[in-house]
Amino acid sequence: MRVFNNLTHKLEEFEPINSNIVTFYSCGPTVYDDSHIGHARSAITWDLLARYLRFKNYQVTWIRNITNVDDKIINRAKELDILADTLSRKYTYEFWDDMVSLNVSWPDHEPRATDYIPEMIKFIEGLIAQGSAYEVDGDVYFSVSKYTQYGQLKRQSIDALKEGNSRLDPNSKKKDQLDFALWKAFPNEPLSSFSSPWGLGRPGWHIECSTMIETILKEKFAISTLDIHAGGDDLIFPHHENECAQSECFTGKPLAKYWLHNGMVMINGTKMSKSLNNYMTIKSVLTKFKPNTVRFFCLQTHYKKQINFTNTALQAAESGFDKLFNAISEELKGIKFNSFAQVQLDKIQLASLDQALINRFTEILDNDLATPQALALLFENLDQKPTVIYLLSILGFDLRSNTKENSLKSLMHSIADAKAMSRASHVDAIASLKAAATSYDNLTEANATMQENILIDKSSLGSIIETLLELREKARLEKNFELSDRIRLELEKAGIIIRDFKDKPSEYSFA
RNA sequence: GGCGGCAUAGCCAAGUGGUAAGGCAGAGGUCUGCAACACCUUUACCCCCAGUUCGAAUCUGGGUGCCGCCUCCA
């Protein structure tokens, strides 16, 4: 497998430091607000890498942090008059919710910055002790001049970096304009600060990642160098550059062997970001599009390239993935999935797959995760259904269902009759629907919004739909097309697509 | 200003020296009670200029345009 290493700026053969064991860290979110599609792309990209490495039989330990101490969190919490911890926990849960929706697998470790404050302090003390950091009035800064390779990721000399850095605050306490904070004094904010040898304060952002990586790697593997460090390419400078500097100064070892970065999601020709207020949250996108659509949209472009977010692009992605899914949906019956939607096959099933196709797929992904070509390969081999199913699941698509997040909810709201459902049992409800549907004049009324407090499980929904399909079939036989089309239309509104066949009963799927 | 990236059909997107994958949309057709789904057919000299080569979208040089980072950011 070859990956593009941003440290060397070359496509390199991937060779883990320790045989087939892979330690992999990707930068996670700062939890102060809902995540947007840019975060989704990053998460999906590195989820894919973890999945693919595992498919290649590497023993992967994936770490993704949660930054839960940060000025933005604290300021937002102040606005809302709640504790910073309360806010960050809420948005941690929201982030997890998004990740589950997108079928992003769980990292093996998900360290939260606040759980590593003592380790950060030790890390900083170590840097001070060996002379690469200094304290000024309760702040601690890293001295960039102590790390001669500074600028290696950015591919720029220290002098060149200084030249470009014209926006230095003249009141700064830094000795050098490129120095960065390891610890910031906040003597007057006891609720959101931590005690340290330098007084009350908070850690800088960069030190979090370095410390958590060092701590986890030491504990689990007794090493200090990651195989892979990944993140968005906006983090290359200064975040990753600074991580490199402080970690290597502290441990004497490089922080990571391979540095991988994903391209930004663009919207209207500009990078999508919180600060520009031009973002689409994952949650809002998932009200219009299916989770698989978002993954397809991301994987259709190479992970390093910029990608444009537009409504039509998402629609195109949805049509594209639906075509793949429709082609294989019949074959999905009886296939087992694990909780990350990975296909579970026994040896016989595995052996029956198209090995040549799997090999070509592997060759393509081995080339720096060339997912656009991998998807094209699947389109070209749609007749190899079981193999396509297997490979789609390696790409992290959730084939257990291809529905919109809210389709179940919208279904409940639009199909059920409020009166029929409010007190009656499901059986009564079906009978009621049946009665209502017999006369199409009443059908619209039958589809009136149901009450919020009524819950129907999926199986009873299924029987309601089946009943309506039976009615429709009957109507079609009687050439009562007005009624049959009406039923089809109402089901469509509820997010259910009917497919008719000549020689077998109609089927339905969720839109 | 410094550094990095990108430029291929209406849109998205592969291709890393041998005469342009794939997807979406569009058009025509088959299927269908009508649709949807599916299937078949159909759409490009690769930003510009110069060079290397028998041969370049692919390599070299020079332009032009767009984007990112240099401040928080996936």
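Residue numbers (the working numbering): 88 to 598. Virtual Cβ for every residue (Gly too), placed ideally from N, Cα, C.
- In the DSSP assignment, Ala-268 is bridged to Tyr-228.
- The beta carbon of Thr-458 sits closer than 6 Å to those of Leu-386, all from its chain and outside the five residues before and after it, given in chain order.
- Ranked by how close their Cα comes to the Cα of Phe-324, the residues Phe-308, Lys-358 and Gln-239 have Gln-239 in first place.
- Beta-bridge partners of Asn-454 (DSSP): Arg-89.
- Of the candidates Ile-150, Ser-311, Thr-117 and Arg-382, the residue whose Cα lies closest to the Cα of Leu-482 is Arg-382.
- Out of Phe-273, Pro-274 and Leu-248, the CA that lies nearest to the CA of Asp-263 is found in Leu-248.
- CA-to-CA, the gap between Phe-448 and Thr-298 works out to about 38 Å.
- For Thr-154, the pairing in a beta bridge is given by DSSP as Thr-117.
- Here the C-alpha atom of Gly-225 lies approximately 54 Å from the C-alpha atom of Val-430.
- In the three-state scheme derived from DSSP, where H, G and I count as helix and E and B as strand, Tyr-178 is classed as helix.
- In this structure, Tyr-221 keeps its C-beta atom at 8 Å or more from the C-beta atom of Ser-232.
- For Trp-292, the enclosing alpha helix (DSSP H) covers residues 292–308.
- Judged by DSSP in its simplified three-state form, Ala-127 adopts helix.
- The continuous beta strand (DSSP E) containing Met-353 extends over residues 352–354.
- Residues Ser-571 and Ile-574 of the same chain have their beta carbon placed closer than 6 Å to that of Arg-559, with the five preceding and five following residues left out of the count.
- For Arg-289, the closest of Lys-344, His-326, Tyr-228 and Tyr-234 by C-alpha to C-alpha distance is Tyr-228.
- With 16 or more neighbouring CB atoms inside 10 Å of its own CB, Arg-138 falls in the buried class.
- Counting along the chain, no beta strand (DSSP E) covers Leu-248; the unbroken alpha helix (DSSP H) around it starts and ends at 245–251.
- Here Val-191 carries a coil assignment [DSSP, helix/strand/coil].
- Its Cα nearest to that of Asn-365, the residue Val-352 stands out among Val-352, Asn-162 and Asp-184.
- DSSP places Trp-346 within a strand segment (E or B) once states are collapsed to three.
- Per DSSP, the unbroken beta strand (DSSP E) holding Gly-318 starts and ends at 313–319.
- Between the alpha carbons of Thr-110 and Ala-438 lies a gap of roughly 30 Å.
- Per DSSP, Ala-428 is not a residue of any alpha helix (DSSP H), being assigned neither H nor E.
- Beta-carbon to beta-carbon, Phe-91 and Lys-391 are separated by about 6 Å, close enough to satisfy the 8 Å threshold.
- For Ser-596, there is no enclosing alpha helix (DSSP H); the residue is part of the beta strand (DSSP E) that begins and ends at 594–597.
- In the three-state reduction of the DSSP assignment, Gly-483 falls in the coil class.
- In the three-state DSSP reduction, Asn-489 falls in the coil class, being neither helix nor strand.
- Counting along the chain, no beta strand (DSSP E) covers Leu-440, and no H or E run does either.
- Between Lys-241 and Glu-328, the beta carbon gap of about 6 Å places them in contact (Cβ cut-off 8 Å).
- Cβ contact annotation for Gly-319 (same chain, cutoff 6 Å, sequence separation greater than five): Ser-129 and Asn-349, in chain order.
- CA-to-CA, the gap between Gly-213 and Leu-135 works out to about 36 Å.
- Annotated three-state conformation of His-96 is coil, per DSSP.
- Taking a cut-off of 8 Å for Cβ pairs, the region 398–417 and the region 469–477 touch, as three or more such pairs fall below it.
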